[in-house]
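Counting from 1 along the sequence shown, just add 95 to a position and that's the residue number in the numbering used here.
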Amino acid sequence: MGHLNNRRVLLAVCGGIAAYKSAELVRKLQDSGAEVRVIMTRGAQEFITPLTLQALSGNTVHHSLLDEEAERGMGHIELARWADLMLIAPATADCMARLAAGRADDLLTTVALATSAPMLLAPAMNQQMWKDLATQANLATLVERGMHFAGPDSGEQACGDIGPGRMLDPVAIAESAASLFKSGALAGQRVVITAGPTREPLDPVRYISNHSSGKMGYALARAAIDAGASVQLVSGPVALAVPDRVNCHSVGTAQEMLDVCMTLLEDCDIFIGCAAVADYRPLSACEQKIKKSSQEMSLQLTRNPDILASVTSHIAKPFSVGFAAETENLREHALGKLERKGLNMIVANDVSDSSIGFNSENNAALLLWREAEGNGELNVEQCSKDVLAGIIISKIAHLRRA
Ligand code: C5P
C-alpha cells in the first residue's frame, strides 16, 4: 500500500448513497499516514452524520460557508491552504457539473476554487447519469483542468442498475491518493537532526558561538518531511521558522543538545548531525558579568562532548550522518571523520569559499558513504541548500534500502 505520511487530505463528501463509505475512507487514509479533515455538503449530511466523520477524523467537520463560528475556527481559505490534497468522494454528477462551471456557492466548491492543492475525484452515480453526455463533457473539462479521477467502478448499483458509476473501493481510493505524491523514500522512518550553532556562556550576558545559520539543517528537516519521515529537530539558537510538521527542541549549549539527542535516540532510525557544535566551552561560566580590569585576559576552555560520536557509540546506534566543514584536504579529512566517528555517511563542505556554506543560501558538498562494496562518493556542485538537502535525503534513503 502507498503512503500518505505527513500529507493533509481534505476529504469532501457529497450527497450520494456511497457517502456511507466515507467513514471507511477516512480510516484508510489515516492508515496510510494522512491527517484528514472533512467537508460535507448539505446532501451528504442526509446520508451520514457529521458526528460520525468528526469522531473518525478527530477534527471538526466543516459544512457551511456562511457559518461565522466555523470561519473563526478554520475558515474556507485556511482550509484550502491547509490541504496537500483535496479528495472529493463520493463526487456526484451535480458536484462535477458545479466544479466544471466554476461555481463558488457552497463550502466545497469555494474551497475547490481557492485551493492550489491537487484534486482527486471519486465519482459515484447511476450508470446512466455517468454515461450522460453532460456528465462526460464535465469530466473532460475537469480532466483538462488537471483534476485526477479514481473510478468509477462498474457493477451492480444501489438502484439495481448494472454498469459504471459505483464509487471505487476506499482502499483503492486511498491508493490512488497516495500515488499522486512522488516521494515516500523515508516513509515511516524516524529522523533526528541537529542544526544551528551552540552557545557556550562566559557569564550571564556573553557567550562563545559561531556563524551557523541553521539553514542547512532546517532544509534537511523539510526534505525528510517531504520524503515521509517523522522529524525531530534539535536546534541551537537561529532566526528561522520551524518547518511545518517538524517537532523542534530548542537548546543553547552543546551539553543541552547532547542531553536532548540522547533522550530521542530510543526512537530514532536516522541521525543527522548538522549542527555547528562548539568544540570548547569556558571551563566555568561566571555567575556575575565579568568586569573589565587588566589589559589582557585569558579564557580557560574545556572540550565539549562530541554529540555524533556519542550517538554512534550508543547501543541503539541509528544510521548516522555527519557534516565536515574543512578549509583544506576536504576528501582526506572527511574520510578520516567518516571512519573515526563511525558514520555511515559524511557531507563535506569546503568552507574556504565564503560564497557557500555558513550563513549562505547556497552550498556545495562532497558526499562520502560506506557501503558493502567499500566507499562511495558523489560531488554536488553549488546549488541551493534545499536542493542539496533533497539529494542528501535521497542518498540516505537509497543506502537504507540497500
Ligand atoms: O569533528 P568535527 O567537529 O569537524 O565534526 C563535525 C561533525 O560532528 C558535524 O556533523 C557536527 O554536527 C558533529 N559534532 C558533534 N559534536 C561536537 C562536534 C561536532 O556532534 N562536539
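For glycine and all other residues, C-beta sits at the position ideal for the given N, C-alpha and C.
Legend entry - Boundaries of the beta strand (DSSP E) in which Y313 is found, first to last residue: Position 218 of the sequence shown, counted from the start, is the residue given in the question as residue 313. From DSSP, Y313 is part of no beta strand (DSSP E) but of the alpha helix (DSSP H) over K310 to D321.
Legend entry - I410 - DSSP class collapsed to helix/strand/coil: Here the question's residue 410 lines up with position 315 in the sequence shown. I410 falls in the coil class under three-state DSSP.
Legend entry - Candidates A186, P296 and M262, of which the one nearest G110 by Cα: Counted from its first residue, the sequence shown places residue 110 at position 15. Taking only the C-alpha atoms, the option nearest G110 is A186.
Inset, instruction - Answer yes or no: the CB of K480 versus the heavy atoms of the ligand C5P, is any distance below 8 angstroms? - result: One-based indexing of the sequence shown puts residue 480 at position 385. The ligand C5P has no heavy atom closer than 8 angstroms to the beta-carbon of K480.
Inset, instruction - Note down, in chain order, each residue of its chain lying with its Cβ closer than 8 angstroms to the Cβ of M352, except the 5 sequence neighbours on either side. - result: Translated into the one-based positions of the sequence shown, residue 352 becomes position 257. Contacts found: T289, T293, V329, G331, V346, A370, V372 and I402.
Inset, instruction - Check each candidate in S159, G128, P400 and G153 and name the one with the smallest Cα separation from Q140. - result: Looking up residue 140 in the sequence shown gives position 45. Nearest C-alpha to Q140: S159.
Inset, instruction - Starting from the C-beta of G417, find all residues in its chain whose C-beta is less than 7 angstroms away, skip the five residues before and the five after it, and write them out in chain order. - result: In the sequence shown, residue 417 corresponds to position 322, counting from 1. Cβ within range, chain order: G368, L403, K432, K436, L438 and I441.
Inset, instruction - Give the single residue among C381, S325 and E295 whose Cα lies nearest to the Cα of A349. - result: Residue numbering aside, residue 349 sits at position 254 when the sequence shown is read from its first letter. The candidate whose alpha carbon is nearest that of A349 is E295.
Legend entry - Rounded C-alpha distance that separates H171 from S117: If you number the sequence shown from 1, residue 171 lands on position 76. If you number the sequence shown from 1, residue 117 lands on position 22. Taking the straight line from one Cα to the other gives about 21 angstroms.
Legend entry - Residues near A269 in its chain [Cβ-Cβ closer than 6 angstroms; skip 5 each side]: Looking up residue 269 in the sequence shown gives position 174. K123, L124 and S127, listed in sequence order.
Inset, instruction - Give the single residue among R176, A114, E251 and L120 whose Cα lies nearest to the Cα of F142. - result: Stepping through the sequence shown from its first residue, residue 142 is reached at position 47. Considering only alpha carbons, the answer is A114.
Inset, instruction - Over the uninterrupted beta strand (DSSP E) stretch that includes C356, give me the two end residues. - result: What you label residue 356 is simply residue 261 of the sequence shown in a count that begins at 1. No beta strand (DSSP E) holds C356; the alpha helix (DSSP H) holding it covers A349 to L359.
Legend entry - Closest residue to L378 among T236, I303, A195 and A192 (Cα-Cα distance): If you number the sequence shown from 1, residue 378 lands on position 283. Measuring from the Cα of L378, the nearest candidate turns out to be I303.
Inset, instruction - Output the residues surrounding the ligand C5P, defined as those with a CB atom closer than 5 angstroms to any ligand heavy atom, in chain order. - result: G368, A370, V372, N399, D401, I402, L403, G417 and F418
Legend entry - Buried or exposed (CB count within 10 angstroms, at least 16 for buried), N101: Mapped onto the sequence shown, residue 101 falls at position 6. The residue in question, N101, is buried, as its Cβ has 16 or more Cβ neighbours within 10 Å.
Inset, instruction - In angstroms with no decimal places, state the Cα-to-Cα distance between I365 and V104. - result: Taking the sequence shown and counting its residues from 1, one reaches residue 365 at position 270. Taking the sequence shown and counting its residues from 1, one reaches residue 104 at position 9. Rounded to whole angstroms, I365 to V104 spans 27 angstroms at the Cα level.
Inset, instruction - Give the straight-line distance between the Cα atoms of A411 and A217, rounded to the nearest whole angstrom. - result: In the sequence shown, counting from the first residue as 1, residue 411 sits at position 316. In the sequence shown, counting from the first residue as 1, residue 217 sits at position 122. If you take the alpha carbons of A411 and A217, they lie about 45 angstroms apart.
Inset, instruction - Find out if the Cβ-Cβ distance for the pair L425, D445 is shorter than 9 angstroms. - result: As a first step, residue 425 is located in the sequence shown; it is residue number 330 there, counting from the start. As a first step, residue 445 is located in the sequence shown; it is residue number 350 there, counting from the start. Closer than 9 angstroms, so yes.
Legend entry - In DSSP terms, what N507 is bridged to: A question about residue 507 goes unanswered here, because the residues of the chain that appear run from 96 up to 497.
Legend entry - Nearest candidate by alpha-carbon position, reference L215, set Q223, A460, L194 and D374: Within the sequence shown, numbered from 1, the residue matching residue 215 stands at position 120. Nearest C-alpha to L215: L194.
Inset, instruction - Specify, as a first and last residue, the run of the alpha helix (DSSP H) that T147 falls within. - result: Residue mapping note: residue 147 aligns to position 52 of the sequence shown, counting from 1. P145 to S152 is the span of the alpha helix (DSSP H), which, as asked, contains T147.
Legend entry - CA-to-CA distance, A273 to E361, given in whole angstroms: Walking along the sequence shown from the start, residue 361 turns up at place 266. Walking along the sequence shown from the start, residue 273 turns up at place 178. Cα to Cα, E361 sits roughly 29 angstroms from A273.
Legend entry - Exposure of E130, with buried meaning 16 or more beta-carbon neighbours within 10 Å: For the purposes of this step, residue 130 is taken as residue 35 along the sequence shown, with counting starting at 1. E130 should be labelled buried.
Inset, instruction - Would you tell me roughly how many angstroms separate the C-alpha atoms of Q284 and D264, rounded to the nearest one? - result: If you number the sequence shown from 1, residue 284 lands on position 189. If you number the sequence shown from 1, residue 264 lands on position 169. Taking the straight line joining both Cα atoms gives about 28 angstroms.
Inset, instruction - State the Cα-Cα distance for the pair K310 and D162, rounded to the nearest angstrom. - result: Along the sequence shown, read from residue 1 onward, the residue named residue 310 stands at position 215. Along the sequence shown, read from residue 1 onward, the residue named residue 162 stands at position 67. Approximately 41 angstroms between the Cα atoms of the pair.
Legend entry - Candidates F276, A280, L148 and T397, of which the one nearest L297 by Cα: Start at 1 with the first residue of the sequence shown, and residue 297 comes out as number 202. Checked all of F276, A280, L148 and T397; the closest Cα to L297 is T397.
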